[in-house]
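Trainee: Numbering (my numbering), first residue to last: 108 to 306.
Beta carbons are placed, not taken as given, at the ideal position from N, Cα and C, and that holds for glycine.
Structure incoming, see below.
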Ligand SMILES: [Zn+2]
């Protein structure tokens, strides 16, 4: 996607790690927050994004990946875009909950030695039995379908207000199916969605 459109790819997660590694002013601030067990505040993430989009490689366009995650971040982003007259398209990557739940439901753990198994990638030789000590495998509490479903719902609840805010602010929101497709297929779908709204 980045290659074909010639735009800078901005991942807030990568940027946080880069500032931490560089140990610059922002990096020290982030490290302090993380050491106290807190989440990096919106204000800090926002400042990072604002600095980043001023870089020369963003002049022709950029892709924000993993941002905005909260309404407060979205409000700032809209301000930044409007003051710079940047045209934006919102891509909402949709993932089928059932696919995720099915994948996690295939995970098993040995209660004796702790070995992890997956029905899809590393299944035990004998179904439901540990290869090392023959114990009967169990489903971990956090892999139980009801727990996974709850976590996915919490995420959706956080994302939905961001999408609603951006729609209300006048941005086109394109839904792209994420499901089981490869990253290349998803990239192509995103590109297509963006071309449709670019006209
Ligand atoms: Zn075992």
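1. How is the beta strand (DSSP E) around residue 118 delimited, first residue to last?
2. For residue 239, does the count of other Cβ atoms within 10 angstroms reach 16, so buried, or fall short, so exposed?
3. Around the C-beta of residue 217, are 16 or more other C-beta atoms found within 10 angstroms, so that it is buried, or is it exposed?
4. How would you write the range of the alpha helix (DSSP H) that residue 204 sits in, first residue to last?
5. What number of angstroms, rounded off, separates the C-alpha of residue 162 from the C-alpha of residue 192?
6. List the DSSP bridge partners of residue 172.
7. What residues are listed by DSSP as bridge partners for residue 274?
8. Does residue 180 pass the burial test, meaning 16 or more other C-beta atoms within 10 Å, or should it be called exposed?
9. Shortest alpha-carbon distance to residue 230 belongs to which of 299, 197, 276 and 215?
10. Can the beta-carbon of residue 248 be found closer than 8 Å to that of residue 254?
11. Quick check: the Cα distance between residue 200 and residue 284, rounded to an integer number of angstroms?
12. Confirm the yes/no value for this check: CB of residue 272, any heavy atom of ligand 1, distance under 7 Å.
13. Using 8 Å as the threshold, is the segment 220 to 235 in touch with the segment 286 to 297, meaning 3 or more CB pairs across them?
14. Taking a cut-off of 6 Å, which residues have a beta-carbon closer than that to any heavy atom of ligand 1, in chain order?
15. Express the C-alpha separation of residue 303 and residue 280 in angstroms, rounding to a whole number.
Mentor: Reading off the structure:
1. 115 to 118
2. exposed
3. buried
4. 204 to 212
5. 16 Å
6. 118
7. Beta-bridge pairing links residue 274 to no other residue.
8. buried
9. 215
10. yes
11. 6 Å
12. no
13. no
14. 217, 219, 220, 222, 237, 239, 240 and 242
15. 11 Å
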